[in-house]
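A.B. asks:
2 protein chains.
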Amino acid sequence: MMRLEEVKKKANAARAAAGVLSLASTVQKNRFLRALARRLPKETSSLLAANKRDLRQARRAGLSRVLLERLSLTPERIRQMVRGVEDVVRLPDPIGELIREEKRPNGLLIRKVRVPLGTVGIIYESRPNVTIDSAILCLKAGNSVVLRGGSEAIHSNKALVEVLKKALREAGLPQASVQFIDSTDRKAVAELLRQDDSLDVIIPRGSQKLIEYIRKNSAVPVIAHGEGNCHVYVDDSADLAGAEEIVFNAKVQRPSVCNAAEKLLVHRAIAARFLPRVALRLRHAHVELRGDADTRRILDGVVPASEEDWMKEYLDLILAIKIVDGVGEAISHINTYGSHHSDAIVTRSKEHGERFLREVDSAAVYVNASTRFTDGYEFGLGAEIGISTQKLHARGPMGLEELTSVKYVVRGTGQVRS
Amino acid sequence: MMRLEEVKKKANAARAAAGVLSLASTVQKNRFLRALARRLPKETSSLLAANKRDLRQARRAGLSRVLLERLSLTPERIRQMVRGVEDVVRLPDPIGELIREEKRPNGLLIRKVRVPLGTVGIIYESRPNVTIDSAILCLKAGNSVVLRGGSEAIHSNKALVEVLKKALREAGLPQASVQFIDSTDRKAVAELLRQDDSLDVIIPRGSQKLIEYIRKNSAVPVIAHGEGNCHVYVDDSADLAGAEEIVFNAKVQRPSVCNAAEKLLVHRAIAARFLPRVALRLRHAHVELRGDADTRRILDGVVPASEEDWMKEYLDLILAIKIVDGVGEAISHINTYGSHHSDAIVTRSKEHGERFLREVDSAAVYVNASTRFTDGYEFGLGAEIGISTQKLHARGPMGLEELTSVKYVVRGTGQVRS
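In order, the protein sequences belong to chains U and X.
So the first sequence is numbered by this note's numbering: it starts at 35 and just counts up by one.
So the second sequence is numbered by this note's numbering: it starts at 35 and just counts up by one.
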């Protein structure tokens, strides 16, 4: 009972801090970031000790090797965090940016300027680096933040939040700017979703199940970072050697992330030539192949793909293959079964490429490149808080700008409306 | 039971039409708008006949004179609709706009371009012109639309939707682009809120109660057009004659709309001089005055304002007055009790004006002008679908641009991620 009241109290405290943060200067926000970059390495041993407690519990709870790997902090990962903080220091402050300016015939000077969103709730799982990554981007954009990490990383996250608070104090910013919900009770999430008086947005990062639950139950607006059921379509006119590189990279380079390819669509005319070579290479990298009947006529040992397969995000070394009659069928398959995240065509036909880019309704569409590039750093945003799969407010990689809102500032000389 | 399935069917049909609309050219979309502008005047008599049925039912149901007035169509109001349609023809098409372009060091050409939102749900009350205004803006921005108007305007809305469909057919666009939920059952709204597979956003326009209900219950992202509890603060340095004009205009010119002022804050130092003159004029215009104890010491016959008054949107000829000690107290009162819609300061102090503009956390902040200017036309957006009071996606007047999303279009030459 007390814990739920605690959630409301923390959200309110973050709301109050947002007023101060929204007026903080770039210098002051960067002072916080620099203090954080200095403090993190010094706190390495206490951070690793906290992380050890999480790892011990996780091993006891029987977490998979992949999850243990995601959970673990190392000196190198702390150095990575510091580099991330230093990157954000260098990013231009989006707050105060003049977006549009117009002098109206009646003499009113109307400016649309960039302001912080206010208070951002982040609900995430396992990886403790998300605690630092989310907080620094939110704070640089002048927002306060309420963090709710996964229960498996609770000690690591608490230790990281302590470092954040020390850096805030050092910079003369309210420590209440970062709130951490330390209850591992699921009800705490439900309570957070009800704080529409104090939270301006909730960003869920994690499993599709978590995101679905939040989307359906939140009174606070949500920016969903949904799944990536990404496709590579190899056109009949594709350079097959290049296509092989792209398919291999999109599937194998880092299969556990949302921009990895899960589906391969191949034009019928080149399937018999292309599939055996790419299959050999994929299988060499331990990729399980699933496929439609046409694919299974060309390749041996392919698991039959079910209707469900076409909609699935594996996040694993699995690839489902379908043979299609052309770019039109590829587009309609992607728009029907895909998750509107990242999809690529490999082609030498300008016409097919342009049609694919225009008609595929995804956050990122590619011609002749791997889907793995959908990422704030790769897109030149400098950093990212995640990848939005919805169309409202932000779509694709979310950087600093996507953590802001706008305000109309109107200067008059006594104008009234007639 | 059948009716609820009907809602899902219509949302799905709109979703399918969105694919076609997203690829429609500006010429084709304007062909639709011109056909609509031609057809509306021709259909005047049938539109008025349908409206008469609504008015008859509304009178029988005992609707207030204000609501009957909002509900009624006249030849002049139809001409206004036509002018609105012609305005939207002239607005530049936002779709395809290049927002950002970057050539990355690895040779990838990354473009961020403007695309339609997809399928927009609009839930609104009484005024039938909203049917046309919403549909034309959504369609010009390449979106399909699912409309759910108030039950009191059902015949008028159905007749208007018929004209929209004829104009779509004439332009060779799918008639399914406009869907109208003709069930007056409240459950139809609840069902619409569950269509997150086919709707990209729901825009509620109407009472605060309706908006609250939708926000709490929608699985579809919502852009709330909430209430306007707008303030005018008259500073000690204000030009009092100018202040009087602004207060009078903000309160009286059109009291039933969201950008009308509901609260007057007055600096203590000028209250005894300013309040009697402005009160005389307001009362002459039949404005009921409420006030705090300090105000009631200066003005006779003022109703005591309760705590609830400070939070209320009257949408009526009522004004609550509070005396404050300075710009700081005014700002904190507005940020605490206001609805973050539109707030103004009247001052000759540059310092106070700038502080107010910076620190008041509202969609539109004014110095020396009436709050009544918060409007898509007045702000130069050309048209508006409403005024967003949330910070996510759109804040303040929403025009064509706010009815769009973005897409990253990436062109490569075989790039893979290392």
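C-beta: ideal position from N, C-alpha, C; glycine also.
Kindly identify the DSSP beta-bridge partner or partners of Glu204 (chain U).
C.D. replies: Its beta-bridge partners do not exist; DSSP assigns none.
A.B. asks: Looking only at DSSP bridge pairs, what is Cys264 (chain U) linked to?
C.D. replies: DSSP lists U:Ala295 as partners of Cys264 (chain U).
A.B. asks: By the three-class DSSP mapping on this structure, what secondary structure does Asn177 (chain U) have?
C.D. replies: If DSSP states are grouped into helix, strand and coil, Asn177 (chain U) belongs with coil.
A.B. asks: Which residues, in order along the stretch 94-116 of chain U, keep a beta-carbon less than 8 Å from a beta-carbon of chain X?
C.D. replies: From the stretch 94-116 of chain U, no residue has a Cβ closer than 8 Å to chain X.
A.B. asks: Helix, strand or coil: how does DSSP classify Asp377 (chain X) here?
C.D. replies: Strand.
A.B. asks: Return the CA-CA distance between Leu437 (chain U) and Ser290 (chain U), expressed in angstroms with no decimal places.
C.D. replies: Roughly 26 Å separates the two Cα atoms.
A.B. asks: With Arg467 (chain X) as the anchor, note down where its beta strand (DSSP E) starts and where it stops.
C.D. replies: Since the first and last residues shown for chain X are 35 and 452, residue 467 (chain X) lies out of range.
A.B. asks: Can the beta-carbon of Ile257 (chain X) be found less than 7 Å from the beta-carbon of His427 (chain X)?
C.D. replies: Yes.
A.B. asks: I'd like the ranges of any alpha helix (DSSP H) spanning at least 4 consecutive residues and lying wholly in the stretch 182-244 of chain U.
C.D. replies: If we require 4 residues or more, the alpha helix (DSSP H) runs fully inside the stretch 182-244 of chain U come out as 188-204 and 220-226.
A.B. asks: What are the residues of the stretch 438-452 of chain X that lie near chain U, defined by any Cβ-Cβ distance shorter than 7 Å?
C.D. replies: If the cut-off is 7 Å between Cβ atoms, the stretch 438-452 of chain X has Ser439, Val440, Lys441, Tyr442, Val443, Val444, Arg445, Gly446, Thr447, Gly448, Gln449, Val450 and Arg451 near chain U.
A.B. asks: Say whether the stretch 252-266 of chain U touches the stretch 303-315 of chain U, bearing in mind that this needs 3 or more beta-carbon pairs closer than 8 Å, one atom from each stretch.
C.D. replies: No contact exists between the stretch 252-266 of chain U and the stretch 303-315 of chain U.
A.B. asks: Suppose you measure from the CA of Leu57 (chain X) to the CA of Lys174 (chain X); what does that come to, to the nearest Å?
C.D. replies: So the two alpha carbons sit approximately 12 Å from each other.
A.B. asks: Please list the partners that Gln424 (chain X) has in chain A, where partner means a Cβ-to-Cβ separation under 8 Å.
C.D. replies: Among the protein chains of the structure shown, namely U and X, there is no chain A.
A.B. asks: Using the three-state DSSP reduction, which class does Lys137 (chain U) fall into: helix, strand or coil?
C.D. replies: Reduced to three states, the DSSP call for Lys137 (chain U) is strand.
A.B. asks: Per DSSP, which one or two residues make a beta bridge with Leu143 (chain X)?
C.D. replies: Partner(s): X:Lys137 and X:Arg445.
A.B. asks: Is there a Cβ of chain U sitting closer than 7 Å to that of Tyr247 (chain X), yes or no?
C.D. replies: Answer no: the Cβ-Cβ gap between Tyr247 (chain X) and chain U never drops below 7 Å.
A.B. asks: Measure the CB-CB distance between Ile357 (chain X) and Ala305 (chain X) and report whether it falls below 7 Å.
C.D. replies: Yes. Within cutoff.
A.B. asks: For a cutoff of 7 Å on Cβ pairs, would you count Ala398 (chain X) as touching chain U?
C.D. replies: Answer yes: the Cβ-Cβ gap between Ala398 (chain X) and chain U drops below 7 Å somewhere.
A.B. asks: Buried or exposed: which applies to Arg161 (chain X), given that a residue is buried once 16 or more other Cβ atoms fall within 10 Å of its Cβ?
C.D. replies: Buried.
A.B. asks: Which one or two residues does DSSP pair with Ile157 (chain X) in a beta bridge?
C.D. replies: Ile157 (chain X) is bridged to X:Arg182 and X:Pro238.
A.B. asks: Can you grab the Cα-Cα spacing for the pair Ala327 (chain X) / Pro338 (chain X), in whole Å?
C.D. replies: One C-alpha to the other measures close to 7 Å.
A.B. asks: Ignore the nearest five residues each way along the sequence and tell me which others in Lys200 (chain X)'s own chain have a CB closer than 7 Å to its CB.
C.D. replies: Same-chain partners within the cutoff: Arg73.
A.B. asks: Distance cutoff 7 Å, beta carbons only. Does Ser404 (chain U) sit that close to anything in chain X?
C.D. replies: Chain X contact via Cβ: present.
A.B. asks: Within 7 Å (strictly less), CB to CB, does Met35 (chain X) reach chain U?
C.D. replies: Low confidence applies here, because Met35 (chain X) scores a pLDDT of 48, under 50, leaving its location unreliable; read the following figure in that light. So, not an interface residue.
A.B. asks: How big is the Cα-Cα spacing for Val300 (chain U) and Asp167 (chain X)?
C.D. replies: Looking at the two C-alpha atoms, the distance is approximately 45 Å.
A.B. asks: Compute the distance between the beta-carbons of Ala205 (chain U) and Ala69 (chain U), then report whether it is under 7 Å.
C.D. replies: The answer is yes: Cβ separation under 7 Å.
A.B. asks: Any beta-carbon of chain U closer than 7 Å to the one on Gly430 (chain X)?
C.D. replies: It does; some Cβ of chain U falls within 7 Å.
A.B. asks: Compute the Euclidean distance between the alpha carbons of Val41 (chain X) and Leu202 (chain X), then round it to the nearest angstrom.
C.D. replies: Distance between the alpha carbons of Val41 (chain X) and Leu202 (chain X): 21 Å.
A.B. asks: In angstroms with no decimal places, state the Cα-to-Cα distance between Val361 (chain U) and His367 (chain U).
C.D. replies: Taking the straight line joining both Cα atoms gives about 10 Å.
A.B. asks: Might you give, ordered along the chain, the residues of its own chain that have their beta carbon closer than 6 Å to the beta carbon of Arg134 (chain U), omitting 5 neighbours on each side?
C.D. replies: Contacts found: Lys146.
A.B. asks: Identify the contact partners of Gln209 (chain X) in chain U, using a Cβ-Cβ distance below 7 Å as the criterion.
C.D. replies: Ordered by position in chain U, no residue passes the 7 Å Cβ test against Gln209 (chain X), which lies about 21 Å from the chain.
A.B. asks: Quick check for students: name the residue ranges of the alpha helix (DSSP H) that lie wholly in the stretch 66-143 of chain U, counting only runs of 4 or more.
C.D. replies: Listed in chain order, they are 78-94, 99-105 and 109-124.
A.B. asks: Looking at Ala47 (chain U) and Ala193 (chain U), is the spacing between their C-beta atoms short of 7 Å?
C.D. replies: Cβ distance not < 7 Å, so Ala193 (chain U) and Ala47 (chain U) don't count as in contact.
A.B. asks: Could you check whether the Cβ of Val281 (chain U) sits closer than 7 Å to any Cβ belonging to chain X?
C.D. replies: Val281 (chain U) does not count as touching chain X.
A.B. asks: Can you tell me whether Ala319 (chain U) is buried or exposed, with buried defined as 16 or more other CB within 10 angstroms of its CB?
C.D. replies: The residue in question, Ala319 (chain U), is exposed, as its Cβ has fewer than 16 Cβ neighbours within 10 Å.
A.B. asks: Kindly give me the distance between the Cβ atoms of Thr405 (chain X) and Val266 (chain X), rounded to whole angstroms, as I take these residues to be in contact under 8 Å.
C.D. replies: Sure, about 7 Å apart at Cβ, within 8 Å.
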